[in-house]
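Worksheet: one structure, shown below.
In this note's numbering, the protein residues as written are 1333 to 1643.
What follows is the structure, given as structure tokens:
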């Protein structure tokens, strides 16, 4: 059986790090690259945490290094959202050995992406759980990589006009990963790539609940599940504002397509200026993509548990 090649580019918050943990332990894939961008989590602790996690949880012994993005925000995430990465990186479990073996890649993320995709023995699936800027820059650096990218799985945007950006320079219709750098989203939407998008509207049935926290707590004898429980304990939802497992769904849908129970084919464009900067919308002349609209909750958590119990 041929292993599926995956390159993972993320922005270092808890959901992203949980996604990395899943990718390090999933059977039947080959992780060919990992890179972090300075968005929803601060990049320094994010890169370090990834390296430590690879040291501990790289079950398939993939030959990995972590690339650091040089991409910069047009609209940066709120600082308080970005802080959790520092705490995660200080967890005793990740620091017990006192040394980090996994190296930092020599190339910045977008060029690392080009390099790893071109060297891959077959087609590559790209999972992106942060802003899509490194892919846009990779395409500009070497458009030929499109021929080797099977599909892009991106957590970003929303096509129903409901956003999660509360900022004086935004009208609230945009999702943060798209708002971070809308011009790069436009660049990717102009490509020939196949895109499966998990937008804000897709995971309303996968909230982070107290019941879920207790579920993981009962299985903390598995180190990966203990780490996830610790990670999510850093996220304290504001009453009434639930957190959903968007990034993890994006990752799981790349590994197990059957987790997605419904999706729609849509044609999308993005606004790149003014108060609606970052708003994605349906348009007849837009980029054809698949928008995930719902997931099988039971199967999602069953598969997630199975993977994480492998440690």
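Built from N, CA and C at the ideal position, the CB exists for glycine as well.
- Task: Could you pull out every unbroken beta strand (DSSP E) segment of at least 3 residues lying fully inside the segment 1531–1605, listed in chain order?
- Result: Within the segment 1531–1605, the complete beta strand (DSSP E) segments at least 3 residues long are 1592–1602, listed from N- to C-terminus.
- Just checking my contact of residue 1487 with residue 1467 at CB under 8 Å: how many whole Å lie between their CB atoms? Along the chain shown, one-based indexing puts residue 1487 at 155. Along the chain shown, one-based indexing puts residue 1467 at 135. Not really, about 13 Å apart at Cβ, beyond 8 Å.
- Message: So residue 1403 and residue 1342 are supposed to be a Cβ contact under 8 Å. How far apart are they, rounded?
- Response: Your numbering for residue 1403 matches position 71 in the chain shown. Your numbering for residue 1342 matches position 10 in the chain shown. Actually they are not in contact, since the Cβ atoms of residue 1403 and residue 1342 sit about 13 Å apart, beyond 8 Å.
- Query: Counting contacts by CB-CB distance shorter than 8 Å, is residue 1451 in contact with chain B?
  - Reply: No chain B appears in this structure, which consists of one protein chain only.
- At 3 residues or longer, and completely inside the segment 1336–1420: list those beta strand (DSSP E) runs for me, N to C. The segment 1336–1420 contains these whole beta strand (DSSP E) runs: 1336–1342, 1361–1368 and 1398–1400.
- In terms of residues, what are the limits of the alpha helix (DSSP H) holding residue 1621? Taking the chain shown and counting its residues from 1, one reaches residue 1621 at position 289. Taken as a continuous stretch (DSSP letters only), residue 1621 belongs to no alpha helix (DSSP H), being part of the beta strand (DSSP E) at 1619–1627.
- Query: Are the beta-carbon atoms of residue 1457 and residue 1628 separated by less than 8 Å?
  - Reply: Position 125 of the chain shown, counted from the first residue, corresponds to residue 1457. Position 296 of the chain shown, counted from the first residue, corresponds to residue 1628. It is not a contact, given that the beta carbons lie outside the stated cut-off.
- Below 6 Å CB to CB, which residues in the same chain sit around residue 1348 once its five sequence neighbours on both sides are set aside? Within the chain shown, numbered from 1, the residue matching residue 1348 stands at position 16. Exclusion of the five residues before and after residue 1348 leaves 1342, 1461 and 1579 as the residues of its chain whose Cβ lies within less than 6 Å of its Cβ.
- Task: Ignore the nearest five residues each way along the sequence and tell me which others in residue 1619's own chain have a CB closer than 6 Å to its CB.
- Result: Your numbering for residue 1619 matches position 287 in the chain shown. Excluding sequence neighbours, residue 1619 sits near 1521 and 1600.
- Inter-residue spacing [alpha-carbon to alpha-carbon] between residue 1549 and residue 1561: In the chain shown, counting from the first residue as 1, residue 1549 sits at position 217. In the chain shown, counting from the first residue as 1, residue 1561 sits at position 229. Their backbone Cα atoms lie some 6 Å apart in a straight line.
- Return the Cβ separation of residue 1465 and residue 1516 in integer angstroms, given the expectation that the two are a contact with Cβ distance under 8 Å. In the chain shown, counting from the first residue as 1, residue 1465 sits at position 133. In the chain shown, counting from the first residue as 1, residue 1516 sits at position 184. Yes, they are in contact, since the Cβ atoms of residue 1465 and residue 1516 sit about 4 Å apart, within 8 Å.
- residue 1453 - containing alpha helix (DSSP H), residue span: Against the chain shown, residue 1453 aligns to sequence position 121. Counting along the chain, residue 1453 falls outside any alpha helix (DSSP H), and DSSP gives it neither H nor E.
- Message: Going by beta-carbon coordinates alone, are residue 1563 and residue 1420 separated by less than 8 Å?
- Response: Locating residue 1563 in the chain shown gives position 231, where the first residue counts as 1. Locating residue 1420 in the chain shown gives position 88, where the first residue counts as 1. For residue 1563 and residue 1420, yes; Cβs fall inside 8 Å.
- Is it the case that the Cβ atoms of residue 1531 and residue 1491 are separated by a distance below 8 Å? The residue you call residue 1531 lines up with position 199 of the chain shown. The residue you call residue 1491 lines up with position 159 of the chain shown. The answer is yes: Cβ separation under 8 Å.
- Kindly list the residues whose CB is nearer than 7 Å to the CB of residue 1394, restricted to its own chain and excluding five residues on each side of it in sequence; keep chain order. As a position in the chain shown, residue 1394 is number 62, starting the count at 1. So the qualifying residues of the chain are 1362 and 1363.
- Message: Please report the distance separating the alpha-carbon of residue 1386 from that of residue 1377.
- Response: In the chain shown, the residue the question calls residue 1386 occupies position 54. In the chain shown, the residue the question calls residue 1377 occupies position 45. In a straight line, the C-alpha of residue 1386 is about 14 Å away from that of residue 1377.
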